[in-house]
Structure formats: structure tokens, C-alpha cells
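Just below is one structure, and these are the notes that go with it.
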Amino acid sequence: MNKVVIIGCGNVGMSYAYSMVIHGSNIDELVLIDVNKEKAEGEALDLSHAMSYAPKNFKVYVGDYSDCNNATIICICAGKGQNPGETRTDLIHKNYEVFKSIIDNINKTNFNGIYLVATNPLDIMTYITYKLSGFSPNKVIGSGTTLDSARLRYLIGEKLDINPKNIHGFVIGEHGDTEFVPWNNVLIGLDKADKFLTKKDMIEIEKEVVGSAYEIINKKGNTCYGIGMSLLKITNAILYNQNSIMTVSAYNKEHDCYFAIPTILNKNGVKKSLFITLSQEDEERLTKSLNEIKANKSKIFDK
Ligand code: NAD
3 MNKVVIIGCG NVGMSYAYSM VIHGSNIDEL VLIDVNKEKA EGEALDLSHA MSYAPKNFKV
63 YVGDYSDCNN ATIICICAGK GQNPGETRTD LIHKNYEVFK SIIDNINKTN FNGIYLVATN
123 PLDIMTYITY KLSGFSPNKV IGSGTTLDSA RLRYLIGEKL DINPKNIHGF VIGEHGDTEF
183 VPWNNVLIGL DKADKFLTKK DMIEIEKEVV GSAYEIINKK GNTCYGIGMS LLKITNAILY
243 NQNSIMTVSA YNKEHDCYFA IPTILNKNGV KKSLFITLSQ EDEERLTKSL NEIKANKSKI
303 FDK
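Going letter by letter, the sequence shown gives residues 3 to 305 in my numbering.
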């Protein structure tokens, strides 16, 4: 039996839930948990009413932490989001307290599945989950730059009028302001990106990828559909044992932190992170990004 528990039924949690309903995910039960129980109850009812027209019927209900016992995946989307003008890292202390209370509760259960984290600042919240849960790192995954990589592919596709599915490129590093595109590793069809795009195009596209969340938050107050679909893709990689490559936030032992690089995902969570060959300039950008993550990590762990 596959059971997914969503903790935090706000914009992100419910977009993920709705993506699973529409896709007809390979799950039997979807459990919703939120401090605002009434909201979760409303969401469960609303989603259940979509089941008659969904490709697969599964049970959606409001639960409590005892429902985590036999869960396959717990996805944490709880906590504060960015207000206009706030960076992701501004949320660190508020969301640490939220995670502490959530993971303390889960630790009292027999949960032995996979943690999937969406809350920002993403790489730090994933590290916090790893530390507080005591789980092996392959079973704690952050959404990383899956969303940002989707934005990259969309923008290149728009520019060139090519299906984003035929664009193979990733955003790597922090899910935040220091993330970047290793352009040497972007393939459009079977050709390198510089056959199609000028340096100026690349700079503009990358700037738009990094600034997307700010632009959307300024316009509508939050982002949710892109991350909902990204979480669905990660969930499918786990539930269908796909060995898919995605830029989730995965643990790196050498640096003792989580960050996004292309990573193979299957039913055990992270199978392996792939170390890509980077240009000298990109190596420097990755170091800068890791330094940012480490500096933020110390705000919580080196007090
Ligand atoms: P939201 O405010 O709409 O929802 C958060 C939910 O968490 C609320 O329903 C709230 O009641 C609940 N909550 C708070 N404390 C809780 C607790 N202790 N236990 C259970 N539930 C609790 O926020 P949102 O827009 O859904 O964003 C959620 C998080 O996702 C934010 O940190 C946001 O920055 C992040 N986010 C991440 C990505 C990504 O790419 N990873 C993309 C978009 C947003």
C-alpha cells in the first residue's frame, strides 16, 4: 500500500495534492495534516469530490501524526513563505521552529519511509529534517532546483520554440539566489546550447530563472503550480522506482550539506548523485553557492 502524508496544506501542499489527483498517482491514501485542521478538512472534502473524474480513485482524509506510521512518503510543505521583498533565507528561524515541532511528532511514530521537503530555505530545511529525524541521508530529499530546472527548460523552449521536454539542462546549487545554470552541460536535442543561444540570451534566461519566484510573488503572493508538479515528478520517481535523474537537494558528505545536483531517484530515495564536469567558472559558482548554504546552516547549527 502506498500512502503519502502532506504536512502543511497551503498553496504548495495542495497544488502537490491536486497534481497527484489529476495524474492518478499510484497511491492508495493521501493524508492531510495542518495546524489549521479546519482548512485541511475543507481541502480533503474538496479534493475527494474530484475523485469521480480522476484517473485513479484513492482515499483523501485529514489525519494526525499516527498516520505517519506506515507512510511511504511524508512531504513537508508547512511553514512560512516569502513575503514580497523577502529572500528564502529570511525564513530560516521561523521555519526551523515549525520543523522542530513537526519532526518531534513524527519521531514518535514508526515512520520509515522517505521525507520530501518543499519548505524554504529549501536546502537548510532539508538538512534540518535529516538532522532532526536521524534518518539515513538517502531517505531525506529536498525538492532542490527541480522547479528551477523546469523554469529553465520552459524559458529556453519559449525562446527557441522547441518542446521543453527536448531540452536537457539543469539549474544546480542552492535553491535560492546563488543557484546557476552550468550552460556547458545544457543540451538542446543533441547539440550544445551555444549553437542556439548567444551569451546574452543565456545571461537573460538565467536571470529570469533566478528571479522567477520574486516576480510571481510580487504579482500573486505565492508560487504553487510549478512546485506542485515538481513534487509530483519526484514522488513518481520514488513510487514507480524510476531511477530518474532530477536536481533534488541531496546530501553531500564532503560538504556536510544538502544542495541540488543531478541525482538518480528510485524507491529507496537517492540512489546516487552524479558529479558533472564543470567549467572553471561554474566550479567557482558552485563553491559560492555552497558557501551560502553553509553560512545559513551555521545560523541554526553553530549557535
Ligand atoms: P502557506 O502559508 O500557503 O501554507 C503553509 C501551511 O503550513 C499553512 O496551511 C499552515 O497552517 C501550515 N503550517 C504552519 N505550521 C505548521 C505546523 N507546525 N504543522 C502543520 N502545518 C503547519 O505557504 P505555501 O505558499 O504553501 O508555502 C509553503 C512553503 O513552501 C514556504 O516555505 C515556501 O517558501 C515554500 N516554497 C517552496 C518552493 C520550492 O521550490 N521548494 C516553491 C514555492 C514555495
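Just so it is clear, CB atoms sit at the ideal spot from N, CA and C, and this is done for glycine as well.
Treat the numbers as computed from the prediction; the structure is a model and nothing was measured.
- Within the DSSP secondary-structure output, residue 170 pairs in a beta bridge with 189.
- When C-alpha distances from residue 47 are compared across 62, 36, 194 and 76, the shortest belongs to 62.
- Relative to the ligand NAD, even the nearest heavy atom lies 7 Å or more away from the CB of residue 244.
- Counting along the chain, the unbroken beta strand (DSSP E) around residue 254 starts and ends at 251-254.
- Here the C-alpha atom of residue 162 lies approximately 8 Å from the C-alpha atom of residue 198.
- Between residue 182 and residue 264, the CB-CB gap reaches or exceeds 8 Å.
- Annotated as proximal: residue 75 and residue 240, with beta-carbon spacing under 8 Å.
- Relative to the Cα of residue 237, the nearest Cα in the group 209, 267, 98 and 224 belongs to 267.
- When DSSP states are grouped into helix, strand and coil, residue 242 belongs to the coil group.
- Sequence-distant partners of residue 4 (beyond 5 residues in either direction) whose C-beta falls short of 7 Å from its own C-beta, in its chain, are 28, 29, 30, 74 and 241.
- In chain order, 34, 42, 43 and 46 place their CB closer than 6 Å to the CB of residue 64, counting only its own chain and leaving out the 5 sequence neighbours on each side.
- With contacts defined by Cβ atoms closer than 8 Å, residue 276 and residue 247 form a contacting pair.
- Between residue 145 and residue 229, the gap from beta carbon to beta carbon is short of 8 Å.
- Distance from the CA atom of residue 104 to the CA atom of residue 299, rounded to whole angstroms, is 19 Å.
- Taking all protein chains shown into account, residue 297 has fewer than 16 neighbouring C-beta atoms within 10 Å of its C-beta and is therefore exposed.
- Nearest to residue 220 by alpha-carbon distance, out of 286, 19, 175 and 87, is 87.
- Taken from the Cβ of residue 171, every heavy atom of the ligand NAD lies 7 Å or farther away.
- In the three-state reduction of the DSSP assignment, residue 145 falls in the coil class.
- When the alpha-carbon of residue 77 is set against those of 304, 56 and 128, the nearest one is in 128.
- Taking residue 257 as reference, the option from 170, 159 and 294 with the minimal CA-CA separation is 294.
- Counting C-beta pairs with one atom in each stretch, the region 190-197 and the region 279-292 have fewer than three that are closer than 8 Å, which means they do not touch.
- When rounded, the separation of the alpha-carbon atoms in residue 66 and residue 170 is 40 Å.
- The continuous beta strand (DSSP E) containing residue 61 extends over residues 61-64.
- Of the heavy atoms belonging to the ligand NAD, at least one sits nearer than 7 Å to the Cβ of residue 225.
- When the alpha-carbon of residue 243 is set against those of 270, 224 and 226, the nearest one is in 270.
- Distances from the CB of residue 70 to the heavy atoms of the ligand NAD are all 7 Å or more.
- Per DSSP, reduced to three states, the secondary structure at residue 278 is coil, with no helix or strand assignment.
- Of 121, 50, 208 and 15, the smallest CA-CA separation from residue 99 is found for 121.
- Closer than 7 Å to some heavy atom of the ligand NAD: that does not describe the Cβ of residue 95.
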